[in-house]
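Using the UniProt record's numbering, count along the sequence shown one by one with no gaps and you end on 349.
Even glycine gets a Cβ: it sits at the ideal position worked out from N, Cα and C.
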Amino acid sequence: IRINRIIDIYKEFLTNECPFLLGNGKILELKDLAANVTTDMISSTAFGLRVNSLADPNNAFRSAGRKIFNFNFIRSLNFLTIFFFPQWVDYIHPKFFGAEATRFFRNAFWDVINHRIESGEKRNDLIDLLIELRKKHKGEEVDGFKFEGDDLLAQAAVFFTGGFETSSTTTAFTLYELALNPEIQKTLREKIHEALEKTEGKITYEMVTTLPYLDMVVSETLRKYPPLGFLDRVAGADYKVPNSDLVIEKGTPIYMSMLGMHYDPEYFPEPEKYDPLRFSDEAKRSKTPFTYFPFGEGPRICIGMRLGLIQSKLAIIQFLKNHEFSVCEKTPIPMILDPKGFTTTSKEG
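This is how it looks when you write it as structure tokens:
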């Protein structure tokens, strides 16, 4: 899918659906607002559906999205099995999304696929792309991937979850920090207004991706609140840890603390402080490599990074171009993260 087409879909949604939520003196639950907005954007792109979570926050898509990220004992066993004991997967069939959410997305996906084929409707979105690939490679198998069944479903599911959680939490935490730091918010709003003047009020791909201060703000949000607090990898070769006798053998599953690295004062002085200037061009030139990795690093860096960042930046621009955000008596200060959350999420909303 062309990113420009995705931006057109998102702009249409943000322009038509979001304004009624905002107004002078309104108290907003940012976590729910961002989750509902992101659910609607990604459902439109990944499944071609208008689910309207803003008006109906308990619709089937929003409910399924909640279940994906509800972490409990059974889900934890599924994740541990998939990562540490992959040889058991074929026997016990752990569900990455959970059984109920998996059933919902499977039914929704094939309903949309079949409707598109029967009606001939074209939206130039992910569903159209998957239908085209299915026709082109029918009966083929490439590196174990079949262009049919759950292999196709997995592409839409990953697109949905990757775009949903990253964008939702990043947008919410950015607005939270801007409310706490009005000078930073003022500077960002000025930069957004200057960019909009140059484009005659139009939000374009070039504008979204070439606003340096917006990128700095979002980068600092991702430092303090990365979507996941850890990174999981499998060693590709034997590695001797410097200044120790420890050898990590090839094939060893490894968890790395992303939050631990992002809050290490050796690399990020005053780590609790929200400071977008950490990501100025000058500061980035002196940064120690591999100390900041909200999307991972290397050949397995998150494939949804570009989409997630664009979604977050589009939403932030749309919210800030006409509105200011400030704290209220219900704002949790300081932010307390949910220790039971699989992803980085606030405990109190």
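Per DSSP, cross-strand counterpart(s) of residue i
i, result
"aspartate 232", "Tyr255"
"glycine 304", "BP columns for glycine 304 are empty, so no partner."
"lysine 240", "Val247"
Cut-off 7 Å between Cβ atoms - residues of its own chain near residue i, not counting five sequence neighbours on either side
i, result
"leucine 222", "Thr170 and Pro294"
"phenylalanine 342", "Phe69 and Phe71"
"arginine 123", "Gly48"
"isoleucine 127", "Phe47, Gly48, Val112, Ile113 and Arg116"
Residue interval of the alpha helix (DSSP H) (run including residue i)
i, result
"glycine 149", "149-180"
"lysine 224", "212-224"
"valine 327", "From DSSP, valine 327 is part of no alpha helix (DSSP H); its letter is neither H nor E."
"lysine 346", "Looking at the sequence shown, residue 346 is not lysine but serine. Note, serine 346: premise wrong, no alpha helix (DSSP H); not H, not E."
"arginine 116", "99-119"
"glutamate 282", "281-285"
Collapsed DSSP secondary structure at residue i in the structure displayed
i, result
"lysine 138", "coil"
"glycine 25", "coil"
"leucine 54", "coil"
"proline 94", "coil"
"phenylalanine 69", "coil"
"isoleucine 336", "coil"
"isoleucine 248", "strand"
"histidine 43", "For clarity, residue 43 is serine in the given sequence; the question names histidine instead. Reduced to three states, the DSSP call for serine 43 is helix."
"lysine 146", "strand"
"glycine 341", "coil"
"proline 294", "strand"
"tyrosine 274", "coil"
"phenylalanine 268", "coil"
"threonine 209", "helix"
"asparagine 322", "coil"
"phenylalanine 85", "coil"
"isoleucine 317", "helix"
"leucine 77", "helix"
Other residues of its chain near residue i: CB distance less than 8 Å, five sequence neighbours each side excluded
i, result
"phenylalanine 230", "Tyr255, Met256, Ser257, Met258 and Leu259"
"histidine 193", "Lys321"
Spatial neighbours of residue i in its chain, beta-carbon cut-off 6 Å, leaving aside the 5 residues before and after
i, result
"phenylalanine 109", "Leu153 and Ala156"
Review point. How about the stretch 194-214 and the stretch 136-147: do they share at least three Cβ pairs that are nearer than 8 Å?
Key: no
Practice item. Tell me, please, whether the stretch 272-280 touches the stretch 219-235 by the rule of three or more beta-carbon pairs shorter than 8 Å. Key: yes
Exercise for review: Kindly confirm or deny that the stretch 145-163 and the stretch 186-195 touch, where touching means at least three C-beta pairs closer than 8 Å.
Suggested key: no
Check your understanding: Counting pairs of Cβ atoms below 8 Å between the stretch 125-136 and the stretch 30-43, do you hit three or more?
Key -> no
Check your understanding: Taking one C-beta from the stretch 246-253 and one from the stretch 269-276 each time, how about it: are there three or more such pairs within less than 8 Å?
Key -> no
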